[in-house]
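Asker: Please see the structure below; I have some questions.
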Amino acid sequence: VLEDNPYGLLRYEGEPLPTLHALDRGEFVIYLGTFSKILSPGIRLGWTTAPAPVLEKMNLGKQGADLCSPAFSQMFVASYFEHDRWQDYLESLKDLYRRRRDTMLDALAEHFPREASWTRPQGGLFIWATLPDYIDTTDLLARALSHNVAFVPGRAAYLDGRGASSMRLNFSGVADDDIREGIRRIGEVVREQVGLYGTLTGGGGASSAPPDAPARAPEPDPDLADVLHLPPRPEPDRRSDAR
Amino acid sequence: MSRVAVLKGGGSLERQVSLRSGARVEDALQRLGHDVVAIDVGGDLVARLRREMPDVAFVAMHGRDGEDGTVQELLEILGIPYTASGVSACMRCADKVLSKHAMADAGIATPEFYSFTETAFKELGAAEALGDIEERLEFPIVVKPADQGSALGVRFARSAADVPAALVAAFSYSHKVMLERHVHGRELAVSILGDDALPVVEAVPREEDFYDFSARYTIGRTSFVCPAQLGDALTDAAQSLALDVFRLLGCRGFARVDLMLEEGTDQLFVLEANAIPGLTETSLLPMAADAAGIGFDELIGRIVEMALQPA
């Protein structure tokens, strides 16, 4: 299992989630962390923990790719994290992103049509919005771009063609006013498309699903994602501890 | 040796393809000894062209602005000769509805079609006429934006239930869309260089799903055969048909005409003409030129020469 966890520390509410690495006690999980989201994206540094044989190969690959990351940047980051102030900085980032998330959630409630739904993330930098099945967000993006606003079409998140009616909205790098304006513009093109579909199907407001569209997949069972209460892997027995 | 401004990029949805076409053209022009000025087209286009004072502009742009006559109009005003078609031919090619009407009026076979603006549906109740259209065109029906290249927004509607979503998708790219009879058969592209038709290219989808357009434009899922195995008579017919379209629309220099060869009837239908087809490593016009023994550098050299010749 490869656990790529760039956003885990950016949690705005709820209990902190354990990492898969912690649940597994590092036996089958390769963990990736990054300083990109908690210090600076431009520093291009991260960290990993992995079972020893895997780590050995990763080191070889890393050396093959770029010999090593700059020693200067590594020492800078190491000395920065020796002191506690990084936690204050992280808190300030969380305050900023929490506010932007809430700005985006408010804007979505104001500007998106009632046919749309979206997540209320407890952490991270993205909201996942889902539109009616008859709107393909890859096509919608072309129309949004003509209004100078962009999002990531949901299909990019899957390998099998799902996600066609969803979009990923990023609230991290944009000021509050721009978030409101961007969501207003996306909401406008979505409303236009919903209205057009209604006209085409004779449904007027088009609040109903298309006649023979497949039913929306049921929401995933929240219990399945309840990692908080999963029993951790038992303490490995000494003999199998390769380290 | 000439001072050549290569215009590329711009704000169209085909920007990335254009950047690749442009980069490849720049390399060829440099090898040919020209003085090359690369311009990623933006708000400073006119100012830069005035400053750089090129002898000729190579328009390596696709889609909106570069292929629809806009950039050509600016070059006319500035008095800079440029490659490929002039303003009016670009406008006719960029608007598939306009070019199909021109073809139909001239007696050139193009699949039957109907076209509407968004206003027709929103304000004139055009949706009421969809049933009649569907009856005349028969399923599957191809739904496409009137003025978008690279198959963006093109959908196949297999039944009446597919039509509304296909229209919504097409209207994402354009305010005018077209419903077109689907011609089942082989997909051909004939490139024109100067006054000659180049060898025919056939696009062969690797998987037998004729209704999946994205498959056909995904690298590795479509293979291209050039010259297409058609026999002499059909090859001649396809080439002369493409030349007819090229002349009808008033094209100049080079262009590519896309055709369908209908299964069963062996009848050729013209789908569209592209005023500035792609010039990338995988594009069809360079492939056809290569099959005719014209290497890429020679192709680019001839295109520039034609632009510099007085009309």
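So the sequence lines, in the order shown, correspond to chains A and B. Just so you know, we're using our numbering here: the first sequence kicks off at 99 and counts up by one. Just so you know, we're using our numbering here: the second sequence kicks off at 26 and counts up by one. The beta-carbon is built from N, C-alpha and C at its ideal position, and this holds for glycine as well. The model shown is predicted, which means the values in this text are computed figures rather than measured ones.
So, does the CB of residue 284 of chain A fall closer than 9 Å to a CB anywhere in chain B?
Answerer: Residue numbering aside, residue 284 of chain A sits at position 186 when the first sequence is read from its first letter. So no, residue 284 of chain A is outside the interface.
Asker: Output the distance between the C-alpha atoms of residue 250 of chain B and residue 177 of chain B, rounded to the nearest integer angstrom.
Answerer: For this step, residue 250 of chain B is matched to residue 225 along the second sequence. For this step, residue 177 of chain B is matched to residue 152 along the second sequence. Cα to Cα, the separation comes out at about 23 Å.
Asker: Which residues, in chain order, does the segment 229 to 256 of chain A contribute to contact with chain B at a C-beta distance below 7 Å?
Answerer: Taking 7 Å as the Cβ-Cβ cut-off against chain B, the residues of the segment 229 to 256 of chain A that qualify are 232, 233, 234, 237, 238, 240, 241.
Asker: Please identify, using Cβ separations under 8 Å, the residues of the segment 119 to 148 of chain B that lie next to chain A, in order along the chain.
Answerer: Hits within the stretch, in order: 143, 146, 147.
Asker: Pull up the distance between the alpha-carbon of residue 318 of chain B and that of residue 225 of chain B, whole angstroms please.
Answerer: For this step, residue 318 of chain B is matched to residue 293 along the second sequence. For this step, residue 225 of chain B is matched to residue 200 along the second sequence. Going from the Cα of residue 318 of chain B to the Cα of residue 225 of chain B covers about 14 Å.
Asker: Express the C-alpha separation of residue 221 of chain B and residue 130 of chain B in angstroms, rounding to a whole number.
Answerer: Reading the second sequence from its first residue, position 105 is the one you call residue 130 of chain B. Reading the second sequence from its first residue, position 196 is the one you call residue 221 of chain B. Distance between the alpha carbons of residue 130 of chain B and residue 221 of chain B: 24 Å.
Asker: Any C-beta of chain A sitting closer than 9 Å to the C-beta of residue 38 of chain B?
Answerer: Here residue 38 of chain B corresponds to residue number 13 of the second sequence, with the count starting at 1. Yes, contact with chain A.
Asker: Shorter than 9 Å from the beta carbon of residue 293 of chain A to some beta carbon of chain B?
Answerer: Taking the first sequence and counting its residues from 1, the one referred to as residue 293 of chain A is at position 195. So, interface residue.
Asker: Between the beta-carbon of residue 46 of chain B and the beta-carbon of residue 87 of chain B, is there less than 9 Å?
Answerer: Sequence index remark: in the second sequence, residue 46 of chain B carries index 21 (1-based). Sequence index remark: in the second sequence, residue 87 of chain B carries index 62 (1-based). For residue 46 of chain B and residue 87 of chain B, yes; Cβs fall inside 9 Å.
Asker: Secondary structure at residue 183 of chain B, three-state DSSP: helix, strand or coil?
Answerer: Translated into positions along the second sequence, residue 183 of chain B becomes position 158. Reduced to three states, the DSSP call for residue 183 of chain B is coil.
Asker: Using Cβ-Cβ distances below 9 Å, what residues of the segment 260 to 281 of chain A are close to chain B?
Answerer: Under the 9 Å Cβ criterion, the segment 260 to 281 of chain A contributes no residue.
Asker: Would you decide whether residue 161 of chain A is buried or exposed? Buried here means 16 or more other CB atoms lie within 10 Å of its CB.
Answerer: Locating residue 161 of chain A in the first sequence gives position 63, counting from the first residue. Per the 10 Å Cβ criterion, exposed.
Asker: Quick one: which residues of the segment 183 to 215 of chain B get their C-beta closer than 7 Å to a C-beta of chain A? List them in chain order.
Answerer: Within the segment 183 to 215 of chain B, the residues whose Cβ lies closer than 7 Å to some Cβ of chain A are 186, 189, 190, 192, 193, 194, 196, 197, 198, listed in chain order.
Asker: Checking 9 Å against the spacing of the C-beta atoms, do residue 275 of chain B and residue 117 of chain B come in under that value?
Answerer: For the purposes of this step, residue 275 of chain B is taken as residue 250 along the second sequence, with counting starting at 1. For the purposes of this step, residue 117 of chain B is taken as residue 92 along the second sequence, with counting starting at 1. Taking 9 Å as the Cβ cut-off, residue 275 of chain B and residue 117 of chain B qualify as a contacting pair.
Asker: Using beta-carbon positions only, say whether residue 142 of chain A and residue 167 of chain A come within less than 9 Å of one another.
Answerer: One-based indexing of the first sequence puts residue 142 of chain A at position 44. One-based indexing of the first sequence puts residue 167 of chain A at position 69. The answer is yes: Cβ separation under 9 Å.
Asker: Which same chain residues, not among the five before or five after residue 292 of chain B, have their C-beta less than 8 Å away from its C-beta?
Answerer: Residue numbering aside, residue 292 of chain B sits at position 267 when the second sequence is read from its first letter. These residues qualify, in order along the chain: 134, 286.
Asker: Following the continuous beta strand (DSSP E) through residue 14 of chain B, name the residue where it begins and the one where it ends.
Answerer: Outside the modelled stretch of chain B, which goes from 26 to 336, sits residue 14 of chain B, for which no answer is possible.
Asker: Which chain A residues sit within Cβ distance under 9 Å of residue 178 of chain B?
Answerer: For the purposes of this step, residue 178 of chain B is taken as the residue at position 153 of the second sequence. Chain A residues near residue 178 of chain B: 237, 240.
Asker: Indicate the three-state DSSP secondary structure (helix, strand or coil) for residue 302 of chain B in the structure shown.
Answerer: Working through the second sequence from its first residue, we reach residue 302 of chain B at position 277. The answer is coil: DSSP assigns residue 302 of chain B none of H, G, I, E or B.
Asker: I want to verify the contact list: residues of chain B whose CB lies under 8 Å from the CB of residue 298 of chain A, in sequence order.
Answerer: Looking up residue 298 of chain A in the first sequence gives position 200. Result: 146, 152, 155, 188, 189, 192, 193.
Asker: Over what stretch of residues does the alpha helix (DSSP H) that includes residue 129 of chain B continue unbroken?
Answerer: For the purposes of this step, residue 129 of chain B is identified with residue 104 of the second sequence, where counting begins at 1. Taken as a continuous stretch (DSSP letters only), the alpha helix (DSSP H) holding residue 129 of chain B covers 121 to 130.
Asker: Pull up the distance between the alpha-carbon of residue 163 of chain B and that of residue 138 of chain B, whole angstroms please.
Answerer: By one-based count along the second sequence, residue 163 of chain B stands at place 138. By one-based count along the second sequence, residue 138 of chain B stands at place 113. Distance between the alpha carbons of residue 163 of chain B and residue 138 of chain B is about 11 Å.
Asker: Please classify residue 335 of chain B: is it buried, with 16 or more other beta-carbons within 10 angstroms of its beta-carbon, or exposed?
Answerer: Against the second sequence, residue 335 of chain B aligns to sequence position 310. That one is exposed.
Asker: Ignore the nearest five residues each way along the sequence and tell me which others in residue 136 of chain B's own chain have a CB closer than 6 Å to its CB.
Answerer: Against the second sequence, residue 136 of chain B aligns to sequence position 111. Around residue 136 of chain B: 205, 206, 208, 294.
Asker: Would residue 230 of chain A pass as a contact of residue 213 of chain A if the rule is Cβ separation under 9 Å?
Answerer: Counting from 1 along the first sequence, the entry for residue 230 of chain A is found at position 132. Counting from 1 along the first sequence, the entry for residue 213 of chain A is found at position 115. The answer is yes: Cβ separation under 9 Å.
Asker: Using the rule of at least 16 other Cβ atoms within 10 Å of the residue's Cβ for burial, across every protein chain shown, is residue 402 of chain A buried or exposed?
Answerer: The structure shown does not extend to residue 402 of chain A, since chain A is modelled only from 99 to 341, so the question has no answer here.
Asker: How many angstroms separate the CA atom of residue 120 of chain B from the CA atom of residue 93 of chain B?
Answerer: Residue 120 of chain B sits at position 95 when you count from the first residue of the second sequence. Residue 93 of chain B sits at position 68 when you count from the first residue of the second sequence. Each residue's Cα considered, the two are about 8 Å apart.
Asker: Let me make sure I understand the geometry here. Which of A:122, A:144, A:140, A:112 has the alpha-carbon closest to that of residue 103 of chain A?
Answerer: Counting from 1 along the first sequence, the entry for residue 103 of chain A is found at position 5. Selected option, being the one with the closest Cα: A:144.
Asker: Short of 6 Å in beta carbon distance, which residues of its chain neighbour residue 100 of chain A, apart from the five on each side in sequence? Order them along the chain.
Answerer: Looking up residue 100 of chain A in the first sequence gives position 2. Correct list, in chain order: 128.
Asker: Quick one: what does DSSP say residue 295 of chain A is sitting in, helix, strand or coil?
Answerer: For the purposes of this step, residue 295 of chain A is taken as the residue at position 197 of the first sequence. Of the three classes helix, strand and coil, the one that applies to residue 295 of chain A here is helix, per DSSP.
Asker: Helix, strand or coil for residue 71 of chain B? Go by DSSP, reduced to three states.
Answerer: Here residue 71 of chain B is taken as the residue at index 46 of the second sequence, counted from 1. Residue 71 of chain B: helix per DSSP, three-state reduction.
Asker: With a cut-off of 9 Å, does the C-beta of residue 4 of chain B fall near any C-beta of chain A?
Answerer: In the structure displayed, chain B extends from 26 to 336; residue 4 of chain B sits before or after that span and is not available.
Asker: Tell whether a beta-carbon distance below 9 Å holds between residue 100 of chain B and residue 82 of chain B.
Answerer: Here residue 100 of chain B refers to the residue found at position 75 when the second sequence is read from its first residue. Here residue 82 of chain B refers to the residue found at position 57 when the second sequence is read from its first residue. Yes, these two residues count as a Cβ contact at 9 Å.
Asker: Could you pull out every unbroken alpha helix (DSSP H) segment of at least 4 residues lying fully inside the segment 199 to 234 of chain A, listed in chain order?
Answerer: Within the segment 199 to 234 of chain A, no complete alpha helix (DSSP H) run reaches 4 residues.
Asker: Please list the segments of the alpha helix (DSSP H) lying wholly inside the segment 95 to 123 of chain B, counting only runs of 4 or more residues, in order along the chain.
Answerer: Counting only runs of 4 or more, we get 95 to 103, 112 to 119.
Asker: May I ask you to report which of helix, strand or coil DSSP gives residue 11 of chain B?
Answerer: With chain B covering only 26 through 336, there is no way to say anything about residue 11 of chain B.
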